[in-house]
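The structure appears right after this line, and notes come after that.
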Amino acid sequence: MNELINFAGKATVIYFAVFCLFYISDKRRIINGVLLTIGLFLIMADLTLLALNTHGSFWLFAGVGLFLSALFFFPILSLILGAVFLIRSPQLWEKEGISLQHSLSLIFGLAFLLGWLILPLGLSHSQSLPWFLNLALLAGAVLYLYLIFTFVCYLVSSWLFKLNRPLLNQDFLIILGCKVNSQGLTPLLKQRCDRALAFYHKQEAKKKRLFSSRKKSLILIPSGGQGPDEPRAEADVMKEYLMEQGVPEARILVENKSVSTYENMVFSKQLMDQQKKSYKCLFCTSDYHVFRAGLLSRKAGIGAAAASAHEP
């Protein structure tokens, strides 16, 4: 048993070293969340082995507790996620409008909640079901657990990406647009602009300090075109707001052609490439949207960090 524990401990250390290499090389990959999630279960397994090999009721109780925690982790988490998704769906509809894309939260919420009701009910009657229904039920259970595991990994990846704090030495800051109305900025888009302004002023204050090595002039790039139900391009409305808040027009570079987050990144990159050959940039978007935008920035070839805005 001691040899097994030593081997498991060394393997876990090597595993986390590999995880650190992946995370440091690029913080915007889903594989980072997959590796960390599996790594946490490896730590649980190591501690359980250690507890079972240690005499004493406390350590045995701790080992059993870890095992039960791992066993019930996914069911409990899926119920929590399902409830959160159902609560968030009406809020998302109010901010972004009702559409299939904005209804995914409702669909996932119902799937997470109903899954743990339907699957146990089916398994309890498995002896009276035909073999092909049992096979379909087993496949559904595996697919359901895979879906939960994948979503957990996505959440962990998102959390890891948000840990990365951008330095105050950026050349460009892309503000990702969202729906505008006849009154101008929606509360969600205003929150993004305000977060970008906060970073802008922080970097400006840093630049004014004596002997500061971060003396770059940050250029804001409001990015967003005009949707079919919008009176004006999102970027143009954002530009007006930024100027009202005291940002000089020379420090604003408008990208008003994009109609998706990926196009936000691609078209903004084209503007940045025209300005400088080498640069540092980050993007600003709502907190829930940060990791997806990070994945798309990687796809567009932008090495960008993120400044997330909390939702109003």
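The end of the sequence shown is residue 318 by our numbering, with every number in the run present.
Note that the Cβ used here is the ideal one computed from N, Cα and C, for glycine as well.
What you are looking at is a predicted structure, and each value in this text was computed from that prediction instead of being measured.
Residues sharing a beta bridge with residue i, DSSP
i	result
residue 10	Bridge partners of residue 10: none, in fact.
residue 178	225, 287
residue 258	226
residue 187	190
residue 292	315
First and last residue of the uninterrupted alpha helix (DSSP H) at residue i
i	result
residue 237	Residue 237 -> no alpha helix (DSSP H), and no H or E assigned at all.
residue 202	193–214
residue 268	267–281
residue 150	137–168
residue 40	36–58
Contact with chain C by residue i, beta-carbon distance below 9 Å
i	result
residue 181	Judged by its chain identifiers, the structure shown contains no chain C, having just a single protein chain.
Sequence-distant residues of the same chain with beta carbon closer than 6 Å to residue i, five excluded per side
i	result
residue 115	88, 91, 92
residue 6	As shown, the chain starts at 7 and ends at 318. That puts residue 6 outside it, with no answer to give.
residue 95	111, 112
Cβ neighbours of residue i in the same chain (closer than 7 Å, five flanking residues each side left out)
i	result
residue 162	39, 42, 43
residue 48	18, 21
residue 301	34
Range of the contiguous beta strand (DSSP E) that encloses residue i
i	result
residue 311	310–315
Environment of residue i [buried if 16+ CB atoms lie within 10 Å]
i	result
residue 33	buried
residue 171	exposed
residue 393	No answer is possible for residue 393: it lies beyond the span of the chain, which begins at 7 and ends at 318.
residue 9	exposed
residue 215	exposed
residue 113	exposed
residue 298	exposed
residue 178	buried
residue 13	exposed
residue 183	buried
residue 134	exposed
residue 189	exposed
residue 292	buried
residue 206	buried
residue 309	exposed
Cβ neighbours of residue i in the same chain (closer than 8 Å, five flanking residues each side left out)
i	result
residue 236	185, 186, 187
residue 45	18, 21, 22, 25
Any non-hydrogen atom of the ligand ADP closer than 8 Å to residue i Cβ
i	result
residue 229	The model depicted lacks the ligand ADP and carries no ligand whatsoever.
Decide yes or no for the touch test of the stretch 134–151 against the stretch 249–269: beta carbon pairs closer than 8 Å, at least 3 of them.
No: fewer than three Cβ pairs fall under 8 Å.
Contact between the stretch 194–202 and the stretch 134–142: three or more CB pairs below 8 Å?
Taking 8 Å as the limit for Cβ pairs, the verdict is that the stretch 134–142 does not touch the stretch 194–202.
Pairs of beta-carbons, one from the stretch 258–265 and one from the stretch 287–298, closer than 8 Å: are there three or more?
In the pairwise beta carbon analysis, the stretch 258–265 is classified as not touching the stretch 287–298: fewer than three pairs are separated by under 8 Å.
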